[in-house]
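Here the structure comes first, spelled out in structure tokens, and everything after it is commentary.
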Amino acid sequence: MFATASGAITHLGSSSLLVPLSALYATALWRHHSAPLALRWLLALVLCLGVMVVLKLVGHGCGLPEFPLFPSLFAGDRFLSPSGHAAFSAVFYGSVAALAARNASSRWLRVGLPVAAAALVLAIGASRVAVSAHSGAEVAAGLLVGGLSVLLFLWSSRKDGAPRLRTSPWVLAAMALGLALLVHAGDPSFIEATIRRVAHHLGSGAGLCDLAGQAFTGRSG
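Under this note's numbering, the residue at position 109 of the sequence shown is numbered 111, and the numbers go up by one with no gaps.
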């Protein structure tokens, strides 16, 4: 039962689900006369995912130093590939909830929506550990990158009004169907495997490890 629940929850952070949802959300923002808001959100999303790709390339190609935060909590944890599920879910659900809360008429919704989003993101992060996909340190790193991206988005859009977006029942049905297919068939994402192959190539012949070593140690060569 626990394994089944963890497997279902973990798919809520899958790129196979969140990439199309992100495209739908950006389109909805744009169509509701909020092009600057849509662009700011896409920038935060691209920044988040770009940082994660770089960290995964360095981790798979050269290895990462120990996770610098809470060393006693994550002592001995593997720190090779920070969790993309944790980062993507944090930036997506966090941004959507924050915008919805900004325009909510009820105080309970203004507080409840971000709290619910945070609980969902933490559950997704915990599920990655439960299904043995990542260590606690790797999940924490992903949550940190995603959380900082949300804060950047909120700061950059602090003067923008939040449009009222009506969710179509067809969109909700498509989301439910997509999640059901992921749970049944598994995550078809090939991103991690592709990053691993590219990292091996870069780490072995393109000087990636030298650059990474200089970046982490602050040495210029």
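Built from N, CA and C at the ideal position, the CB exists for glycine as well.
Suppose contacts are defined by Cβ-Cβ distances below 8 Å. Is residue i in contact with residue j by that definition?
{"i": "Gly127", "j": "Asp79", "result": "no"}
{"i": "Phe76", "j": "Leu66", "result": "no"}
{"i": "Trp43", "j": "Ser97", "result": "yes"}
{"i": "Thr12", "j": "Ser134", "result": "no"}
{"i": "Val123", "j": "Tyr95", "result": "yes"}
{"i": "Ala28", "j": "Leu154", "result": "no"}
{"i": "Ala125", "j": "Leu115", "result": "no"}
{"i": "Ile193", "j": "Ser17", "result": "yes"}
Since residue i contacts residue j with CB under 8 Å, what's their CB separation in whole angstroms?
{"i": "Ala25", "j": "Leu31", "result": "Their Cβ separation, rounded to whole angstroms, is 11 Å, which puts Ala25 and Leu31 out of contact at 8 Å."}
{"i": "Leu23", "j": "Ala201", "result": "No, Leu23 and Ala201 are not in contact; Cβ-Cβ is about 27 Å, not under 8 Å."}
{"i": "Ile197", "j": "Val55", "result": "7 Å"}
{"i": "Val152", "j": "Ala100", "result": "7 Å"}
Do the stretch 79-87 and the stretch 135-154 touch if we need at least three Cβ pairs shorter than 8 Å?
yes
Quick test of the definition: if touching needs 3 or more C-beta pairs under 8 Å, does the stretch 117-126 touch the stretch 41-58?
no
Given 8 Å as the limit, is there contact between the stretch 56-64 and the stretch 91-98, that is, 3 or more CB pairs closer than that?
no
Note down, one range per segment and in chain order, each alpha helix (DSSP H) of at least 4 residues found wholly within the stretch 106-145.
109-132
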